[in-house]
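The structure appears below as structure tokens.
Protein chains in written order, with the numbering used here: chain A, 1 to 409; chain B, 1001 to 1409; chain C, 2001 to 2409; chain D, 3001 to 3409.
The structure is reproduced here in structure tokens:
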């Protein structure tokens, strides 16, 4: 097998080199891009119709990090882990930091939770009640303290705030509440820390959501300052939205903060990244590579945010990481000179053929090479590698069912 | 107030009479149409982000019926209650029947649940495992036994069956599993009982749903026999679907079994009926009235199915009932002769003006009259009537928080 | 009839007065709000499947103004007319101005056309070719000269620019072309003139549109200066977009420039305003009235933009104007004090009932009163009034078929 | 180059053979599947905002066939051409047949046009006017006569019938008009001919379309008889529809008649097949291959229907044919045994990995081999082959601009 795949790699490398691709550079970039996985992605989660608990799910934040280390082990590019507060609160952040480091990991973005408590049922920053808004601000400040403790650079904000019925809330008043509260939190960040503001059109609010689209998020960020940026969750758009266009627009405006990767067919389905429309993922990456090439995409946070309901959670995370690397690899081998010339000539077919050709390329041998050099076990197939490791069965025995709570669990 | 509203009623009646409307007939039909409310609509429910439990929520099926009696008391048209098995299982159905009767209620449609148990996580009738399919069939048969015990005429079926990822399931094999299992259940029904089959495009399956649209439901019904009919849930359509057209098509084909009323803006939002697009609700009722006039809509089951997350559940039910009566009333006063003539003449503006005129009419005085004659307290405003009754506060004290489980609770 | 409607009006007035509504103020505002109709709305138009030409359609811009005068005559609130260049180019703008004045009209917004000519097939401001961009800028400057000649205050910009396929265009480069060209045009406006920038998600571009959503429009406006504002076309949103929320957000940001009213069920259907979802129109107006009450909605341009394919064009325009006045009237009688109190108390049902009550009110008697006082013939029913006038038949005879070109005609 | 690609082919073949794929069979099937191109796809077309005429577009049906022969020449699998009546009416069908044969082509499906004439502006089979319905039936019968003359096996029906406004039409009455008229046409077909009935949710009707979804089409087909089948146009669905599921359902019901291939992002965008979501196209083909394997997909008509607005029309057709062959090739190499086992085991990840692996494979070498054996010039890249042939330039000179009319041209 490795003989065969090495042949395939040599063949691919020679074809790409003939096309003018700097394969070494491509491989270097594939090794360098780290994708953050979310602690809650290893926990039980479900839909409003129920959560089906799995055996082996982590019982503590430490066990979540153990699982995250597996995702990193079999891909080589997932060395940081986002935490969710209070779900991941620990007694000693120093201890967690050390534990993470011992697994080759570090703590990434800190995600406050201002939607789960009863007090927030009518909103957090958008609530009519000053005490509720104050409580949410205070929670955010606690999260910044955690950032300082663990050395995290990103405060990643998602708000469930919204309404279900016309008349329920006053759009403009709520907008001003948001501006006020965000300012107070923003002031607490230091110069090396970034506030990421996520948007979402609906759910759990089914009539309006206070930060409903990238435009609202961008307007709030612009008012705050240059360390506030927009977070793009791939599932948080209305049907048909051209996400790669939004990404390019944000890049050009200096407002792209990062991603929550996942995939969707209908609503915020939170499926495995690349599982429904891999071409869209590739087109998004094409914008990111173009941004990197132009030096305007260096600070983008790459994070996964999915809701693994029935698949094994580590396997799904590995699938997502592979899909992201595959999209990145294909975007890196686009013949951009040829594309540029075709665009200048209004040669639509020519331009499209360039984009399609890179996507048609089977980049698995390239990813095998990258993983091999990163020392990943079973570099040809990370999912199979993980399966063969016996980790899932071992943990199912060790941890049992009903371990830890994630969304709705 | 009642003086004023009586004046308004007299004025409206004279205007309508001048237009040729048989107001007595309209009122008689408004009194006659019963709308079923769901037992689970009185229980706690929420979204995948959490359930906010309310004080006063029923702790038993008996208390759910008590609440349903309130919805009926303040509207006069909600005398039956759908039950959900096993949520509403009782020791003695005879006792429940008696209790219901003592409240002026009766047990309506029986709704099996084949989605909540762990065994059903990969499907029920669509499962690859024969034992799971058998278990689901067996549960349905138990539900038919309950129908026989309580005198229910409708077995109301919704299936969560579907998949999240391409490849996960075999569409055609699952279809045949469904046909087989449905046949076995259908054979158990007696001649006076109907099987209602609901469809839904997505959620909780985010890639495919086995019964995804009315066409799939209709195909299954047609294969079963004439006592299998399609159930239309207003929230179970893709964006833009013309529901009134589907309703008319089903009516003409003899396949319309009934409704699950609610409203939506985005997905299956399960909001209060008429809260987002009351004109659409009216246009649906316009088809139903036309069907009644033509004698082909006599067997339609009118049911509400909503997920009351933050509103008081009885109030939301009353709002829905009022919205339905309002839509029905407006549909009943459409000048159908004039509409017909305009259609024949291809007079688009003329036809539309007829439809718009009925909708523009303020029918609240008419509904006041109908409720007055039904002996409803505070017939001018059912929500206010219920609020003034003090029932909610009394029950909050009596029952406390965390009473009973509904969806996700 | 007028006796009856006067009774209805007296009844409604007394009910509203009892509720604390200042009916005189409501009527004054209904008389004051002028809605602009588009010259091209009186011309033939169709779909890509064909244009069905109508008898009596105007053969010149002068005849378009004659038709617009009819829309104004039967509603009393449509005294300005938007023009489209070059469709409406005349030899003497002074003469057109005089003619308009003689009909009780004035020239409103000037709409450049940078999408119809062969040169623009790959874009205008977004084109890769500097000469094409220059030509488009030059056309805009000509339009500003026309604004100066006719005393118009709004340059209303819609761009068809976009691409059909991935790779066809470079998002960021096109964005910068837009910024550059817009700046050049903006510099030409004087202090009393406004640039309105429209957005649209798709069509005629089916992969991306350069100004795809309100956020992109707002970003461009913000970069230009305070006389650049966002134009909201009700048909230019993805399925589910909460337009009233966008309107409120823009109002709060000082970025709402105006509207292109119409209605849609699926895409940019360009149907009669209020014909598909009158409740949404009312909720949009509710935000506008709130903005007026707070003194932040004084400069909003109210314009209709529809594509009348089969209806008589003047009748459809009258229907739209009536729908707008109806929505405005209902929004004006919302009990805002009660709404505010319910919102403060997180009383969702209470707040919603306030909003629903105003919508349920039959405001036709109020509009009759307003039109009566404006001296409109047949104030009870503008469509019937127009029909009875015999204008349509007379013009059909006079003008014949195939008169003038609008979109695609 | 051919050396390199042969190496790639040998490598791919050995990899696939190792996986148990019968490569010879795959190649044989790739050679056997013929895809029909539409005569109107070679003509000018556009959007409602205009048609940009291209140089070299055919001036007659004969020239359309010449262009279709180019699409066939460079792909080897497009030997039949659908015609549209009356656009393609000729004096002698025998002569056209001979001409087609001389180019290696044959006449495929006959497509009546009952939407373009003024008489059809309010509908064809759905019109309230008996004379209009009769005219449409008569036109269809003429089309069947043409089928008999040219030896065509498919009458391919698309109806623009629908309404723009609530009230405009009576859904049920129009449905019955349709049933009646379709029956009359169906009776005219002989035993070897099939009626294909297309559905579409909207456009040009923007409120309702008489045959709005596959369910309505299927219901009409079922009532007609077994030679009436559903035609699936990939662009004719609401956002999110799972087309591969619909295809499987229709296959299982014996109701799948064929396809109109194209692609979409928003509405009926009519873009190049495979240009927006190639994974969806592959998943559709996966169902077709499964159907072929089970012997239930032998009679499916594969046709392209796109609206080439700015690309060179022959190039776009070639792109589409390549995309279809690519999807077919990938679907043919799915490891179905492994997929079946994973499905039985509820191994979601395992099943999905099988489906993803085939899609990740670069099948261009396989298609090169197939085209080589079919004697196609430049088998490695059909678009480049066509470009190098000089055909487009030659025809631009010969035919000039404004040659022939297609949709809206």
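C-beta: ideal position from N, C-alpha, C; glycine also.
DSSP has residue i in a bridge; who is on the other side?
{"i": "residue 2081 (chain C)", "result": "C:2037, C:2107"}
{"i": "residue 1337 (chain B)", "result": "DSSP lists no partner for residue 1337 (chain B)."}
{"i": "residue 2229 (chain C)", "result": "C:2196"}
{"i": "residue 208 (chain A)", "result": "A:163"}
{"i": "residue 1047 (chain B)", "result": "B:1050"}
{"i": "residue 3112 (chain D)", "result": "D:3085"}
{"i": "residue 3401 (chain D)", "result": "D:3055"}
{"i": "residue 271 (chain A)", "result": "A:263"}
If I follow the unbroken beta strand (DSSP E) through residue i, where does it start and stop?
{"i": "residue 2258 (chain C)", "result": "2256-2261"}
{"i": "residue 1301 (chain B)", "result": "1301-1304"}
How is the alpha helix (DSSP H) around residue i delimited, first residue to last?
{"i": "residue 1222 (chain B)", "result": "1214-1224"}
{"i": "residue 87 (chain A)", "result": "Counting along the chain, residue 87 (chain A) falls outside any alpha helix (DSSP H), and DSSP gives it neither H nor E."}
{"i": "residue 3024 (chain D)", "result": "3023-3032"}
{"i": "residue 282 (chain A)", "result": "278-293"}
{"i": "residue 384 (chain A)", "result": "382-389"}
{"i": "residue 2244 (chain C)", "result": "2243-2252"}
{"i": "residue 1061 (chain B)", "result": "1061-1073"}
Cutting at 8 angstroms between CB atoms, please list the residues of its own chain near residue i, excluding the five before and the five after it.
{"i": "residue 1313 (chain B)", "result": "1041, 1042, 1043, 1054, 1057, 1067"}
{"i": "residue 3205 (chain D)", "result": "3160, 3161, 3162, 3163, 3164"}
{"i": "residue 3031 (chain D)", "result": "3076, 3077, 3370, 3373, 3374"}
{"i": "residue 2151 (chain C)", "result": "2097, 2106, 2107"}
So, at 6 angstroms on beta carbons, what are the nonlocal neighbours of residue i in its own chain, with the 5 sequence-adjacent residues on each side left out?
{"i": "residue 1207 (chain B)", "result": "1163, 1164, 1165"}
{"i": "residue 184 (chain A)", "result": "137"}
{"i": "residue 3181 (chain D)", "result": "3125, 3133, 3137"}
Note down, in chain order, each residue of its chain lying with its Cβ closer than 7 angstroms to the Cβ of residue i, except the 5 sequence neighbours on either side.
{"i": "residue 1186 (chain B)", "result": "1195, 1224, 1225, 1228"}
{"i": "residue 3408 (chain D)", "result": "Below a pLDDT of 50, predicted positions are generally treated as unreliable, and residue 3408 (chain D), at 46, falls in that range; the measurement from the model is reported next regardless. Result list for residue 3408 (chain D): 3045, 3046, 3051, in chain order."}
{"i": "residue 365 (chain A)", "result": "5, 8, 9, 12"}
Please list the residues of the region 1051-1064 of chain B that have a C-beta atom closer than 7 angstroms to any C-beta atom in chain D, keeping them in chain order.
Those would be none; no residue qualifies.
Go through the region 1133-1170 of chain B residue by residue and report every complete run of the beta strand (DSSP E) that reaches 3 residues or more, in order.
If we require 3 residues or more, the beta strand (DSSP E) runs fully inside the region 1133-1170 of chain B come out as 1154-1157.
What are the start and end residues of each continuous alpha helix (DSSP H) run of 4 or more residues lying completely inside the region 307-365 of chain A, in chain order?
313-332, 336-344, 348-360
Of all the residues that make up the region 161-176 of chain A, which are near chain C by a beta-carbon distance shorter than 9 angstroms?
163, 164, 165, 166, 167, 168, 169, 170, 171, 172, 173, 175, 176
Which residues, taken in chain order from the region 267-297 of chain A, show a beta carbon closer than 9 angstroms to some beta carbon of chain D?
267, 272, 274, 275, 276, 277, 278, 279, 280
What residues in the region 2238-2250 of chain C bring their beta carbon closer than 7 angstroms to a beta carbon of chain A?
Along the region 2238-2250 of chain C, the positions whose C-beta sits under 7 angstroms from a C-beta of chain A are 2238, 2239, 2240, 2241, 2242, 2245, 2248, 2249, read in chain order.
Name, going along the chain, the residues of the region 325-356 of chain A whose beta-carbon falls closer than 9 angstroms to a beta-carbon of chain D.
326, 346, 348, 349, 350, 352, 353, 356
Chain-ordered residues of the region 1207-1221 of chain B with a beta carbon less than 9 angstroms from chain D:
1207, 1208, 1209, 1210, 1212, 1213, 1214, 1215, 1216, 1217, 1218, 1219
For the region 2069-2099 of chain C, which residues have a beta carbon sitting closer than 9 angstroms to at least one beta carbon of chain A?
none
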